[in-house]
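Taking it in order: structure first as structure tokens, then the write-up.
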Amino acid sequence: MQIDALKTLALDALEELKAKDIAQLDVSRLTSVTDLMLIASGTSTRHVSALAGSVVEKAKENGIQPLGVEGENGADWVLVDLGDVVVHVMMPETRELYDLERLWADLPSDPEGLPARSEGEAHGA
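Residue numbers (UniProt numbering): 1 to 125.
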């Protein structure tokens with residue numbers, strides 16, 4: 001499935017169950033792990049679980065098996081890995097604490113902008 005279709009599928013699942021403060025982060029130039037992160041808040045741990053479950057259900061209905069779902073037991077933060085799109089659903093306090101939007105925004109988008117490692121760091125010394 002194309003990334004835009006995958007993003008739309010996840011956004012629809014989140015919006016259908018009234019997710020709060022949905023943010024989209026294009027991290028394609030920052031990491032090879034995924035291209036897009038969606039971050040949303042739930043109003044309770046039950047809501048967080050339901051939102052993540054909705055994303056998983058919509059994905060499966062469209063023939064996509066999530067690569068992984070993490071954090072379902074605690075439900076303060078549930079991550080749904082759809083490959084090119086990773087969905088983070090969090091309680092507002094957890095979202096504020098980890099502040100993924102700022103974390104990813106502060107990273108240089110060009111690997112050339114990263115500070116060089118010293119010889120010792122490069123070899124684990």
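Beta carbons are placed, not taken as given, at the ideal position from N, Cα and C, and that holds for glycine. Fair warning: this is a prediction, and the values are worked out from it, not measured in the lab.
What residue range is occupied by the uninterrupted beta strand (DSSP E) comprising residue i?
i, result
"GLU70", "68-70"
"SER41", "36-41"
"ALA13", "Unbroken run through ALA13 is the alpha helix (DSSP H), 3-16; no beta strand (DSSP E)."
"LEU25", "20-26"
"residue 138", "Beyond the ends of the chain as shown, which are 1 and 125, falls residue 138; an answer cannot be given."
"LEU97", "Where LEU97 is concerned, there is no enclosing beta strand (DSSP E), although the alpha helix (DSSP H) it sits in stretches over 92-98."
"ASP81", "77-81"
Kindly indicate which residue of the options has the alpha-carbon position closest to the one of residue i.
i, options, result
"ILE39", "ARG29, ASN62, SER32, VAL55", "VAL55"
"ASP76", "GLY68, TRP104, LEU97", "LEU97"
"LEU17", "THR8, GLY83, VAL48, PRO66", "VAL48"
"GLU101", "ASP21, GLU15, THR8", "ASP21"
"LEU51", "MET91, LEU103, ARG29", "MET91"
"GLN65", "ASP4, GLY53, ALA105, LEU30", "GLY53"
"ALA23", "VAL33, LEU30, MET37", "MET37"
What does DSSP give as the partner residue(s) for residue i in the beta ladder?
i, result
"LYS58", "DSSP lists no partner for LYS58."
"VAL87", "LEU38, VAL80"
What do you reckon, are the CB atoms on residue i and residue j nearer than 8 Å?
i, j, result
"VAL89", "GLY42", "yes"
"LEU6", "LEU82", "yes"
"VAL85", "ALA10", "yes"
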